[in-house]
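**Q** Under full-length UniProt numbering, the first residue of the sequence shown is numbered 1, with each subsequent residue one higher. The beta-carbon is built from N, C-alpha and C at its ideal position, and this holds for glycine as well. Computed from a predicted structure; not experimentally measured.
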Amino acid sequence: MPLLANTPFIVTGSGKFFRNVQLDPAANLGVVKVDSDGAGYHILWGLTNEAVPTSELPAHFLSHCERIKATNGKDRVIMHCHATNLIALTYVLENDTAVFTRQLWEGSTECLVVFPDGVGILPWMVPGTDEIGQATAQEMQKHSLVLWPFHGVFGSGPTLDEAFGLIDTAEKLAQVLVKVYSMGGMKQTISREELIALGKRFGVTPLASALAL
1 MPLLANTPFI
11 VTGSGKFFRN
21 VQLDPAANLG
31 VVKVDSDGAG
41 YHILWGLTNE
51 AVPTSELPAH
61 FLSHCERIKA
71 TNGKDRVIMH
81 CHATNLIALT
91 YVLENDTAVF
101 TRQLWEGSTE
111 CLVVFPDGVG
121 ILPWMVPGTD
131 EIGQATAQEM
141 QKHSLVLWPF
151 HGVFGSGPTL
161 DEAFGLIDTA
171 EKLAQVLVKV
181 YSMGGMKQTI
191 SREELIALGK
201 RFGVTPLASA
211 LAL
């Protein structure tokens, strides 16, 4: 990954929990720096007691490469978490980017404005592999949110707040949809024409395949 050469990153440790970071940052986080040839990395700080970086490091690094290119360097954070309601929806909705995106857009007015580029979705894959990392990065070329069915979500943004906010917005809307479906489904929703009007008002270009449904 020559694009990341000599770049430092804060990473979570494998098997660590976010809730423990404030209690012992050095045991749960690390600062790693990509080598000058982009072929490896070394630890600058943290990851004490023989801890190692997250098993999803290939997905993070490869996604960073694609988001750097897609946003001209604006996106600096890749976040992965196990968002409960988004995971739940992967069991009941068709795992198709256009279908999933459209359902989330219809879950709340703000969604299309927050992620007009939609939600990329992978087929189920074994985690912690180069293959899932490459597939995630490919979707990150087009989407700032990527779902791993039955597992979790990746989000990208310029800052921690924005990356978390993106995932949090999608997760909140997934929670709304879970409640709607449990109450018998939608009786009315935001129409295609209204979604188009939203895009025009806020100056965003909605994902065409989702808008066409």
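Whole-angstrom Cβ separation of residue 207 and residue 116, contact assumed at under 8 Å?
**A** That pair is a contact at about 7 Å.
**Q** Among the residues of its own chain, which have a CB less than 7 Å from the CB of residue 131, if the five just before and after it don't count?
**A** The residues are 125.
**Q** I'd like the list of long-range same chain contacts for residue 129, defined as Cβ closer than 8 Å, with 5 residues on each side in sequence excluded.
**A** The residues are 58.
**Q** Among 34, 10, 83 and 111, which one has its Cα closest to the Cα of residue 204?
**A** That would be 111, whose Cα lies nearest to the Cα of residue 204.
**Q** Out of 134, 200 and 56, state which residue places its alpha-carbon closest to the alpha-carbon of residue 81.
**A** For the residues 134, 200 and 56, the minimum Cα distance to residue 81 belongs to 56.
**Q** Determine the closest residue to residue 41 out of 2, 96, 69 and 26, with distance taken between C-alpha atoms.
**A** Out of 2, 96, 69 and 26, 2 has the C-alpha closest to the C-alpha of residue 41.
**Q** Rounded to whole angstroms, what is the Cα-Cα separation between residue 106 and residue 30?
**A** Roughly 39 Å separates the two Cα atoms.
**Q** Buried or exposed: where does residue 160 fall if 16 or more other Cβ atoms within 10 Å of its Cβ makes it buried?
**A** Residue 160 is exposed by the Cβ-count criterion.
**Q** Would you call the stretch 82-91 and the stretch 17-27 in contact, with 3 or more CB pairs under 8 Å?
**A** Counting Cβ pairs under 8 Å, fewer than three are found: no touch.
**Q** Within 8 Å, do at least three Cβ pairs link the stretch 61-81 to the stretch 139-157?
**A** A contact exists between the stretch 139-157 and the stretch 61-81.
**Q** Per DSSP, what kind of secondary structure is residue 93 in: helix, strand or coil?
**A** Residue state, collapsed to three classes: coil.
**Q** Need the endpoints of the beta strand (DSSP E) that residue 156 sits in, please.
**A** Looking at the DSSP string, the run of the beta strand (DSSP E) that includes residue 156 is 152-157.
**Q** Within the same chain, show all residues whose beta-carbon is closer than 6 Å to that of residue 102, passing over the 5 residues directly before and after it, in chain order.
**A** Once the five neighbours on either side are set aside, the close Cβ partners of residue 102 are 210 and 213.
**Q** Would you identify the three-state DSSP class for residue 17, choosing helix, strand or coil?
**A** It is coil, neither helix nor strand.
**Q** Of the choices 176, 133, 186 and 114, whose alpha-carbon is the least far from that of residue 164?
**A** Looking at the Cα atoms, 114 is the closest of the given residues.
**Q** Unbroken alpha helix (DSSP H) runs of length 4 or more, entirely within the stretch 63-113: which are they?
**A** Within the stretch 63-113, the complete alpha helix (DSSP H) runs of at least 4 residues are 84-89 and 97-107.
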